[in-house]
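This note's numbering puts the first residue of the sequence shown at 3, with every later residue one more than the last.
We treat Cβ as the ideally placed atom computed from N, Cα and C, and that holds for glycine.
Encoded as C-alpha coordinates, the structure appears first; notes follow it.
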Amino acid sequence: MAVVEAPTRTRPWVLACAVFVVVAVAQRLYWIAGGRWGYTACDRTDLVDPAGGCGADQVVALPFWSGWGAVGVGVALAVVLACTVRFPGSRATAGNWAAAALLLVAAFPLHLLFEIPAALAGRPSDWRDLGARLVLLAGGVLFAGLANASGPRRGPAVVGYRPVPLWTRRWAYVAAALPVAGWAVPHSLWVLGVPVGISEQELNDIERNLSTATGLAITLVPPLAGLLVLGLVQRWGQQFPRWVPVLHGRQVPRPLAVIPAGVVALTLVTYGVLSIAVLVGRLLTGDTRWSDVWDGWAVTATLLVFLGWGVSLAVTTTGYALATSTDAAMTASEDRSVHEPR
(Lines of atoms letter the chains of each structure in order from A and count residues from 1; the text may use other names and numbers.)
(Lines give C-alpha, C1' and ligand atoms only; values in the text may rest on other atoms or scores of the structure.)
Protein backbone atom coordinates (compact mmCIF):
# COMPACT_ATOMS: atom_id res chain seq x y z
CA MET A 1 0.00 0.00 0.00
CA ALA A 2 1.40 3.37 -1.00
CA VAL A 3 2.02 5.91 1.71
CA VAL A 4 0.35 9.25 1.16
CA GLU A 5 2.88 12.02 1.69
CA ALA A 6 1.98 15.11 3.63
CA PRO A 7 1.51 18.25 1.55
CA THR A 8 4.67 20.26 1.05
CA ARG A 9 3.50 23.10 3.27
CA THR A 10 2.97 20.77 6.25
CA ARG A 11 6.30 18.93 6.07
CA PRO A 12 8.37 21.45 8.07
CA TRP A 13 5.66 21.57 10.74
CA VAL A 14 5.38 17.78 10.91
CA LEU A 15 9.15 17.49 11.28
CA ALA A 16 9.31 20.14 14.01
CA CYS A 17 6.41 18.54 15.92
CA ALA A 18 8.02 15.11 15.59
CA VAL A 19 11.29 16.41 17.04
CA PHE A 20 9.36 17.94 19.95
CA VAL A 21 7.52 14.67 20.67
CA VAL A 22 10.66 12.51 20.44
CA VAL A 23 12.65 14.79 22.75
CA ALA A 24 9.79 15.07 25.26
CA VAL A 25 9.24 11.30 25.41
CA ALA A 26 12.98 10.63 25.63
CA GLN A 27 13.23 12.97 28.61
CA ARG A 28 10.38 11.24 30.43
CA LEU A 29 11.92 7.82 29.78
CA TYR A 30 15.19 9.19 31.15
CA TRP A 31 13.39 10.25 34.33
CA ILE A 32 11.66 6.86 34.61
CA ALA A 33 15.08 5.17 34.30
CA GLY A 34 16.30 7.16 37.31
CA GLY A 35 17.81 10.32 35.84
CA ARG A 36 16.70 13.62 37.30
CA TRP A 37 18.24 16.29 35.04
CA GLY A 38 15.59 18.94 34.42
CA TYR A 39 13.14 17.35 36.85
CA THR A 40 11.59 19.38 39.67
CA ALA A 41 9.82 18.26 42.82
CA CYS A 42 8.83 21.75 43.96
CA ASP A 43 5.41 22.42 45.39
CA ARG A 44 4.27 25.71 43.82
CA THR A 45 2.67 26.79 47.10
CA ASP A 46 5.73 26.19 49.29
CA LEU A 47 9.01 26.64 47.43
CA VAL A 48 12.03 25.17 49.19
CA ASP A 49 15.35 25.37 47.34
CA PRO A 50 13.63 26.08 44.00
CA ALA A 51 16.94 26.49 42.16
CA GLY A 52 17.80 22.87 43.00
CA GLY A 53 14.42 21.44 42.12
CA CYS A 54 13.45 21.08 45.79
CA GLY A 55 15.34 17.86 46.29
CA ALA A 56 14.46 16.33 42.92
CA ASP A 57 17.49 14.04 43.10
CA GLN A 58 16.00 12.37 46.17
CA VAL A 59 12.74 11.42 44.44
CA VAL A 60 12.55 7.66 43.95
CA ALA A 61 9.12 7.14 42.33
CA LEU A 62 7.83 9.64 39.78
CA PRO A 63 4.24 10.86 39.89
CA PHE A 64 2.18 9.21 37.15
CA TRP A 65 1.79 12.30 34.96
CA SER A 66 5.49 13.10 35.21
CA GLY A 67 6.42 9.61 34.02
CA TRP A 68 4.32 7.03 32.20
CA GLY A 69 1.33 9.34 31.90
CA ALA A 70 3.42 11.87 29.99
CA VAL A 71 4.83 9.06 27.83
CA GLY A 72 1.27 8.04 26.98
CA VAL A 73 0.44 11.60 25.98
CA GLY A 74 3.56 11.63 23.79
CA VAL A 75 2.43 8.42 22.07
CA ALA A 76 -0.99 10.00 21.46
CA LEU A 77 0.68 13.05 19.90
CA ALA A 78 2.76 10.73 17.69
CA VAL A 79 -0.46 9.07 16.53
CA VAL A 80 -1.90 12.49 15.67
CA LEU A 81 1.19 13.24 13.58
CA ALA A 82 0.97 9.86 11.83
CA CYS A 83 -2.69 10.51 10.97
CA THR A 84 -1.76 13.95 9.62
CA VAL A 85 0.74 12.35 7.25
CA ARG A 86 -1.32 9.29 6.33
CA PHE A 87 -4.84 10.78 6.29
CA PRO A 88 -4.62 14.53 5.63
CA GLY A 89 -7.91 16.31 5.98
CA SER A 90 -10.30 17.97 8.39
CA ARG A 91 -10.05 15.22 11.04
CA ALA A 92 -6.27 15.46 11.15
CA THR A 93 -6.53 19.24 11.41
CA ALA A 94 -8.97 18.90 14.32
CA GLY A 95 -6.59 16.49 16.04
CA ASN A 96 -3.72 18.95 15.70
CA TRP A 97 -5.80 21.77 17.15
CA ALA A 98 -6.77 19.51 20.07
CA ALA A 99 -3.10 18.63 20.63
CA ALA A 100 -2.17 22.32 20.57
CA ALA A 101 -4.89 23.17 23.09
CA LEU A 102 -3.77 20.34 25.41
CA LEU A 103 -0.13 21.46 25.37
CA LEU A 104 -0.99 25.13 25.81
CA VAL A 105 -3.25 24.47 28.79
CA ALA A 106 -0.56 22.22 30.32
CA ALA A 107 2.03 24.97 29.80
CA PHE A 108 -0.27 27.50 31.50
CA PRO A 109 1.22 30.67 29.92
CA LEU A 110 -0.48 32.81 32.57
CA HIS A 111 1.85 31.27 35.13
CA LEU A 112 4.81 32.29 32.95
CA LEU A 113 3.41 35.80 32.67
CA PHE A 114 3.73 36.24 36.45
CA GLU A 115 6.63 33.99 37.41
CA ILE A 116 9.23 35.04 34.83
CA PRO A 117 9.08 38.80 35.65
CA ALA A 118 9.16 37.96 39.36
CA ALA A 119 12.17 35.67 38.84
CA LEU A 120 14.00 38.32 36.81
CA ALA A 121 13.30 40.79 39.62
CA GLY A 122 15.12 38.52 42.06
CA ARG A 123 12.42 36.28 43.56
CA PRO A 124 13.63 32.68 44.11
CA SER A 125 11.99 30.69 41.33
CA ASP A 126 11.87 27.16 40.02
CA TRP A 127 13.62 27.61 36.68
CA ARG A 128 13.24 23.91 35.88
CA ASP A 129 9.49 24.29 36.05
CA LEU A 130 9.55 27.51 34.01
CA GLY A 131 11.77 25.90 31.38
CA ALA A 132 9.45 22.90 31.10
CA ARG A 133 6.47 25.20 30.67
CA LEU A 134 8.25 27.15 27.93
CA VAL A 135 8.96 23.87 26.11
CA LEU A 136 5.30 22.87 26.36
CA LEU A 137 4.31 26.31 25.12
CA ALA A 138 6.63 25.88 22.13
CA GLY A 139 5.10 22.46 21.43
CA GLY A 140 1.61 23.93 21.53
CA VAL A 141 2.59 26.65 19.07
CA LEU A 142 4.15 24.03 16.75
CA PHE A 143 1.00 21.90 16.70
CA ALA A 144 -1.11 25.03 16.17
CA GLY A 145 1.10 25.90 13.20
CA LEU A 146 0.67 22.37 11.84
CA ALA A 147 -3.10 22.62 12.26
CA ASN A 148 -3.11 25.91 10.40
CA ALA A 149 -0.91 24.52 7.60
CA SER A 150 -2.92 21.29 7.25
CA GLY A 151 -6.22 23.12 6.96
CA PRO A 152 -7.92 24.06 3.69
CA ARG A 153 -5.90 26.25 1.38
CA ARG A 154 -6.70 29.94 1.45
CA GLY A 155 -6.54 32.48 -1.27
CA PRO A 156 -3.70 34.99 -1.49
CA ALA A 157 -3.49 37.44 1.37
CA VAL A 158 -4.88 40.87 0.60
CA VAL A 159 -2.49 43.66 1.57
CA GLY A 160 -3.93 46.65 3.37
CA TYR A 161 -5.78 47.66 6.50
CA ARG A 162 -9.28 46.29 7.13
CA PRO A 163 -11.22 48.09 9.88
CA VAL A 164 -12.65 45.77 12.52
CA PRO A 165 -16.33 45.93 13.55
CA LEU A 166 -17.41 48.30 16.30
CA TRP A 167 -18.27 45.42 18.62
CA THR A 168 -14.69 44.16 18.34
CA ARG A 169 -13.34 47.56 19.40
CA ARG A 170 -15.62 47.65 22.43
CA TRP A 171 -14.51 44.19 23.58
CA ALA A 172 -10.88 45.20 23.01
CA TYR A 173 -11.27 48.18 25.34
CA VAL A 174 -12.79 45.87 27.98
CA ALA A 175 -9.88 43.43 27.58
CA ALA A 176 -7.38 46.27 28.00
CA ALA A 177 -9.15 47.85 30.98
CA LEU A 178 -9.77 44.72 33.09
CA PRO A 179 -6.11 43.92 33.96
CA VAL A 180 -5.58 47.57 34.88
CA ALA A 181 -8.65 48.04 37.07
CA GLY A 182 -8.90 44.47 38.33
CA TRP A 183 -5.22 43.62 38.80
CA ALA A 184 -2.83 46.57 38.68
CA VAL A 185 -4.84 48.89 40.94
CA PRO A 186 -5.42 46.49 43.87
CA HIS A 187 -1.91 45.03 43.65
CA SER A 188 -0.40 48.52 43.64
CA LEU A 189 -2.31 49.30 46.82
CA TRP A 190 -1.15 46.06 48.43
CA VAL A 191 2.48 46.72 47.53
CA LEU A 192 2.08 50.15 49.14
CA GLY A 193 0.70 48.51 52.30
CA VAL A 194 -2.99 49.40 51.85
CA PRO A 195 -5.20 46.42 52.83
CA VAL A 196 -7.99 46.88 50.28
CA GLY A 197 -10.08 43.74 49.97
CA ILE A 198 -7.62 41.46 51.79
CA SER A 199 -6.97 40.60 55.40
CA GLU A 200 -4.11 42.01 57.46
CA GLN A 201 -2.50 38.56 57.51
CA GLU A 202 -2.50 38.33 53.71
CA LEU A 203 -1.06 41.82 53.49
CA ASN A 204 1.70 40.87 55.94
CA ASP A 205 2.48 37.79 53.83
CA ILE A 206 2.81 39.98 50.74
CA GLU A 207 5.14 42.41 52.50
CA ARG A 208 7.24 39.55 53.90
CA ASN A 209 7.52 37.45 50.72
CA LEU A 210 7.70 40.06 47.96
CA SER A 211 10.44 42.60 47.44
CA THR A 212 9.61 45.98 45.95
CA ALA A 213 11.08 45.00 42.56
CA THR A 214 9.13 41.73 42.48
CA GLY A 215 5.92 43.47 43.51
CA LEU A 216 6.32 46.04 40.75
CA ALA A 217 7.05 43.32 38.18
CA ILE A 218 4.00 41.28 39.13
CA THR A 219 1.84 44.42 39.20
CA LEU A 220 2.90 46.04 35.95
CA VAL A 221 3.46 43.17 33.52
CA PRO A 222 -0.18 41.94 33.17
CA PRO A 223 -1.68 45.37 32.36
CA LEU A 224 1.17 46.14 29.95
CA ALA A 225 0.56 42.82 28.25
CA GLY A 226 -3.15 43.62 28.24
CA LEU A 227 -2.50 46.78 26.24
CA LEU A 228 -1.25 44.63 23.36
CA VAL A 229 -4.84 43.63 22.69
CA LEU A 230 -5.41 47.11 21.30
CA GLY A 231 -3.26 46.06 18.35
CA LEU A 232 -6.09 43.77 17.28
CA VAL A 233 -8.26 46.82 16.55
CA GLN A 234 -5.60 49.28 15.35
CA ARG A 235 -3.71 49.61 12.09
CA TRP A 236 -0.41 48.53 13.70
CA GLY A 237 -1.99 45.16 14.42
CA GLN A 238 -2.33 44.53 10.68
CA GLN A 239 0.62 46.47 9.27
CA PHE A 240 3.99 46.93 10.95
CA PRO A 241 4.48 50.59 12.04
CA ARG A 242 7.01 52.87 10.36
CA TRP A 243 9.43 52.71 13.28
CA VAL A 244 9.88 48.92 12.96
CA PRO A 245 13.15 48.28 11.06
CA VAL A 246 12.96 46.32 7.81
CA LEU A 247 9.33 45.26 8.34
CA HIS A 248 7.74 48.72 8.40
CA GLY A 249 4.68 48.93 6.17
CA ARG A 250 4.48 45.18 5.60
CA GLN A 251 1.47 43.08 6.47
CA VAL A 252 1.45 41.43 9.90
CA PRO A 253 0.97 37.65 9.44
CA ARG A 254 -2.42 36.70 10.86
CA PRO A 255 -1.07 33.73 12.88
CA LEU A 256 1.41 36.09 14.57
CA ALA A 257 -1.53 37.97 16.07
CA VAL A 258 -4.23 35.30 16.33
CA ILE A 259 -2.28 32.39 17.82
CA PRO A 260 -0.69 34.22 20.82
CA ALA A 261 -3.93 36.06 21.57
CA GLY A 262 -5.90 32.83 21.32
CA VAL A 263 -3.42 31.04 23.59
CA VAL A 264 -3.67 33.71 26.28
CA ALA A 265 -7.47 33.84 25.99
CA LEU A 266 -7.74 30.07 26.37
CA THR A 267 -5.43 30.12 29.38
CA LEU A 268 -7.26 32.96 31.10
CA VAL A 269 -10.67 31.37 30.63
CA THR A 270 -9.39 27.96 31.77
CA TYR A 271 -7.75 29.45 34.86
CA GLY A 272 -10.85 31.50 35.72
CA VAL A 273 -13.28 28.60 35.34
CA LEU A 274 -11.13 26.10 37.25
CA SER A 275 -10.34 28.56 40.05
CA ILE A 276 -14.00 29.46 40.50
CA ALA A 277 -14.92 25.76 40.49
CA VAL A 278 -12.33 25.07 43.19
CA LEU A 279 -13.64 27.97 45.29
CA VAL A 280 -17.24 26.77 44.97
CA GLY A 281 -16.16 23.24 45.90
CA ARG A 282 -14.36 24.47 49.02
CA LEU A 283 -17.43 26.47 50.01
CA LEU A 284 -19.67 23.42 49.60
CA THR A 285 -17.36 21.21 51.66
CA GLY A 286 -16.90 23.85 54.33
CA ASP A 287 -13.13 24.16 53.85
CA THR A 288 -13.71 27.83 53.04
CA ARG A 289 -16.25 30.00 54.82
CA TRP A 290 -18.27 32.83 53.30
CA SER A 291 -16.73 35.14 55.87
CA ASP A 292 -13.30 34.30 54.43
CA VAL A 293 -14.55 35.16 50.96
CA TRP A 294 -15.91 38.45 52.18
CA ASP A 295 -12.71 39.34 54.05
CA GLY A 296 -10.70 38.63 50.91
CA TRP A 297 -13.26 39.88 48.38
CA ALA A 298 -10.57 41.52 46.21
CA VAL A 299 -8.76 38.19 45.80
CA THR A 300 -12.01 36.45 44.89
CA ALA A 301 -12.86 39.22 42.42
CA THR A 302 -9.52 38.59 40.74
CA LEU A 303 -10.84 35.21 39.60
CA LEU A 304 -13.72 36.95 37.85
CA VAL A 305 -11.27 39.44 36.36
CA PHE A 306 -9.28 36.62 34.78
CA LEU A 307 -12.43 35.00 33.39
CA GLY A 308 -13.75 38.29 32.00
CA TRP A 309 -10.34 39.18 30.60
CA GLY A 310 -10.14 35.84 28.80
CA VAL A 311 -13.66 36.07 27.36
CA SER A 312 -13.18 39.65 26.15
CA LEU A 313 -9.81 38.77 24.61
CA ALA A 314 -11.32 35.73 22.88
CA VAL A 315 -14.16 37.80 21.40
CA THR A 316 -11.69 40.48 20.26
CA THR A 317 -9.44 37.87 18.66
CA THR A 318 -12.42 36.38 16.85
CA GLY A 319 -13.36 39.81 15.50
CA TYR A 320 -9.80 40.39 14.31
CA ALA A 321 -9.68 36.99 12.62
CA LEU A 322 -12.98 37.61 10.84
CA ALA A 323 -12.00 41.09 9.72
CA THR A 324 -8.61 40.00 8.35
CA SER A 325 -9.77 36.76 6.73
CA THR A 326 -9.35 36.33 3.00
CA ASP A 327 -13.10 35.91 2.52
CA ALA A 328 -13.81 39.19 4.30
CA ALA A 329 -11.20 41.01 2.25
CA MET A 330 -12.57 39.58 -1.01
CA THR A 331 -16.11 40.56 -0.03
CA ALA A 332 -14.98 44.11 0.74
CA SER A 333 -13.17 44.28 -2.61
CA GLU A 334 -16.25 43.06 -4.47
CA ASP A 335 -18.44 45.61 -2.68
CA ARG A 336 -16.09 48.41 -3.71
CA SER A 337 -16.07 47.25 -7.32
CA VAL A 338 -19.89 47.15 -7.42
CA HIS A 339 -20.18 50.73 -6.15
CA GLU A 340 -17.46 52.17 -8.35
CA PRO A 341 -18.78 54.29 -11.24
CA ARG A 342 -18.45 52.66 -14.65
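Supposed close pair tryptophan 173, serine 314 - CB separation, criterion 8 Å: The residue you call residue 173 lines up with position 171 of the sequence shown. The residue you call residue 314 lines up with position 312 of the sequence shown. Indeed they touch by this definition, with Cβ atoms about 5 Å apart.
Assigned secondary structure, glutamine 236 (DSSP; H/G/I helix, E/B strand, else coil): Translated into positions along the sequence shown, residue 236 becomes position 234. DSSP places glutamine 236 in coil when its eight states are reduced to three.
Segment contact flag, the segment 144 to 155 with the segment 85 to 103, C-beta cutoff 8 Å, min 3 pairs: yes
Nearest neighbour of glycine 147, chosen from Gly133, Thr221, Val25, Thr86 [CA to CA]: As a position in the sequence shown, residue 147 is number 145, starting the count at 1. Answer by Cα proximity: Thr86.
Own chain residues within Cβ distance below 6 Å of valine 23, not counting five before or after: As a position in the sequence shown, residue 23 is number 21, starting the count at 1. Cβ neighbours of valine 23 beyond the five flanking positions: Gly76, Leu79, Ala80.
Distance CB(arginine 135)-CB(alanine 109) smaller than 8 Å: Stepping through the sequence shown from its first residue, residue 135 is reached at position 133. Stepping through the sequence shown from its first residue, residue 109 is reached at position 107. Closer than 8 Å, so yes.
DSSP beta-bridge partners of glutamine 253: Along the sequence shown, read from residue 1 onward, the residue named residue 253 stands at position 251. Glutamine 253 is bridged to Gln241.
Sub-8 Å separation of alanine 263 and leucine 232 beta-carbons: The sequence position of residue 263 within the sequence shown is 261, counting from 1. The sequence position of residue 232 within the sequence shown is 230, counting from 1. No, these two residues do not count as a Cβ contact at 8 Å.
Complete runs of the alpha helix (DSSP H) confined to the segment 140 to 219 [at least 4 residues]: 168 to 181, 187 to 193, 202 to 211
Unbroken stretches of the alpha helix (DSSP H), 4 residues or longer, contained in the segment 16 to 93: 70 to 88
Of the residues Val143, Phe145, Glu117, Arg125, the one placed nearest glycine 133, counting alpha carbons only: Position 131 of the sequence shown, counted from the start, is the residue given in the question as residue 133. Of the candidates Val143, Phe145, Glu117, Arg125, the one whose C-alpha sits nearest the C-alpha of glycine 133 is Glu117.
Under 8 Å between C-beta atoms of valine 107 and threonine 320: The residue labelled residue 107 in the question sits at position 105 within the sequence shown. The residue labelled residue 320 in the question sits at position 318 within the sequence shown. The answer is no: Cβ separation not under 8 Å.
Validate contact between the segment 285 to 299 and the segment 192 to 206 using beta carbons, cut 8 Å, 3 pairs: yes
Cα-Cα separation between valine 63 and alanine 72, rounded to whole angstroms: In the sequence shown, counting from the first residue as 1, residue 63 sits at position 61. In the sequence shown, counting from the first residue as 1, residue 72 sits at position 70. Per the sequence presented here, residue 63 reads as alanine, with valine not at that position. Distance between the alpha carbons of alanine 63 and alanine 72: 14 Å.
Beta-carbon proximity list for valine 307, same chain, < 7 Å, skipping 5 on both sides: Taking the first residue of the sequence shown as 1, we reach residue 307 at position 305. Only Leu180, Gly184, Trp185 meet the Cβ criterion.
Three-way DSSP call (helix, strand, coil) for arginine 291 in this model: The residue labelled residue 291 in the question sits at position 289 within the sequence shown. Arginine 291 falls in the coil class under three-state DSSP.
Exposure label - proline 119; buried when at least 16 CB within 10 Å: Counted from its first residue, the sequence shown places residue 119 at position 117. Label assigned to proline 119: buried.
Backbone CA spacing between leucine 367 and valine 193 [nearest angstrom]: Here the chain comprises residues numbered 3 to 344, so residue 367 is not present and cannot be evaluated.
Where arginine 130 falls, given that 16 or more other Cβ within 10 Å makes a residue buried: Working through the sequence shown from its first residue, we reach residue 130 at position 128. Buried: at least 16 other Cβ atoms inside 10 Å.
For arginine 125 and threonine 216, believed in contact at Cβ under 8 Å, the rounded distance: Start at 1 with the first residue of the sequence shown, and residue 216 comes out as number 214. Start at 1 with the first residue of the sequence shown, and residue 125 comes out as number 123. At roughly 4 Å, the Cβ-Cβ gap stays under 8 Å, so threonine 216 and arginine 125 are in contact.
C-alpha distance - proline 175 paired with proline 90, whole-angstrom precision: For the purposes of this step, residue 175 is taken as the residue at position 173 of the sequence shown. For the purposes of this step, residue 90 is taken as the residue at position 88 of the sequence shown. The sequence shown places tyrosine at residue 175, not proline. When rounded, the distance between both Cα atoms is 40 Å.
Element boundaries [alpha helix (DSSP H), containing glycine 321]: Counting from 1 along the sequence shown, the entry for residue 321 is found at position 319. It spans 299 to 325 - the alpha helix (DSSP H) in which glycine 321 sits, taken as one unbroken run.
Residues near tyrosine 322 by beta carbon distance below 8 Å, same chain, minus five either side: Sequence index remark: in the sequence shown, residue 322 carries index 320 (1-based). So the list reads Val166, Thr170, Leu234, Val235, Gly239, Ala259, Val260, Ala263, once near-sequence residues are dropped.
Beta-carbon gap between leucine 105 and glycine 142 smaller than 8 Å: Taking the first residue of the sequence shown as 1, we reach residue 105 at position 103. Taking the first residue of the sequence shown as 1, we reach residue 142 at position 140. Cβ atoms of leucine 105 and glycine 142: closer than 8 Å.
Test item: CB-CB of glycine 69 and tryptophan 39 under 8 Å: Translated into the one-based positions of the sequence shown, residue 69 becomes position 67. Translated into the one-based positions of the sequence shown, residue 39 becomes position 37. Going by C-beta atoms, glycine 69 is not nearer than 8 Å to tryptophan 39.
Proximity to leucine 226 [Cα-Cα], best of Ala43, Pro243, Val187: Indexing the sequence shown from 1 puts residue 226 at position 224. Ranking the options by Cα distance to leucine 226, first place goes to Val187.
Chain-order list of residues whose beta-carbon lies under 6 Å from that of proline 224 (same chain, five-residue window excluded): Sequence index remark: in the sequence shown, residue 224 carries index 222 (1-based). Here the set comprises Pro181, Trp185.
Exposure label - arginine 30; buried when at least 16 CB within 10 Å: Position 28 of the sequence shown, counted from the start, is the residue given in the question as residue 30. Arginine 30 should be labelled buried.
Rounded C-alpha distance that separates threonine 302 from glycine 310: The residue labelled residue 302 in the question sits at position 300 within the sequence shown. The residue labelled residue 310 in the question sits at position 308 within the sequence shown. Between threonine 302 and glycine 310, the C-alpha separation is close to 13 Å.
For glutamine 60, the nearest candidate out of Trp67, Cys44, Thr287 (CA to CA): Within the sequence shown, the letter at position 58 stands for residue 60. Ranking the options by Cα distance to glutamine 60, first place goes to Cys44.
Beta-carbon spacing of threonine 326, arginine 256 below 8 Å: Translated into the one-based positions of the sequence shown, residue 326 becomes position 324. Translated into the one-based positions of the sequence shown, residue 256 becomes position 254. Result yes, Cβ atoms of threonine 326 and arginine 256 sit closer than 8 Å.
Contact under 8 Å by Cβ, tryptophan 15 with leucine 138: Residue 15 sits at position 13 when you count from the first residue of the sequence shown. Residue 138 sits at position 136 when you count from the first residue of the sequence shown. It is not a contact, given that the beta carbons lie outside the stated cut-off.
Cβ pair cysteine 19, leucine 114 closer than 8 Å: In the sequence shown, residue 19 corresponds to position 17, counting from 1. In the sequence shown, residue 114 corresponds to position 112, counting from 1. No; because the gap between Cβ atoms is not below 8 Å, this pair is not in contact.
Own chain partners of alanine 267 with C-beta closer than 7 Å, once the 5 adjacent residues on each side are dropped: Within the sequence shown, residue 267 is the residue found at index 265, counting from 1. So the list reads Gly312, Leu315, Ala316, Thr319, once near-sequence residues are dropped.
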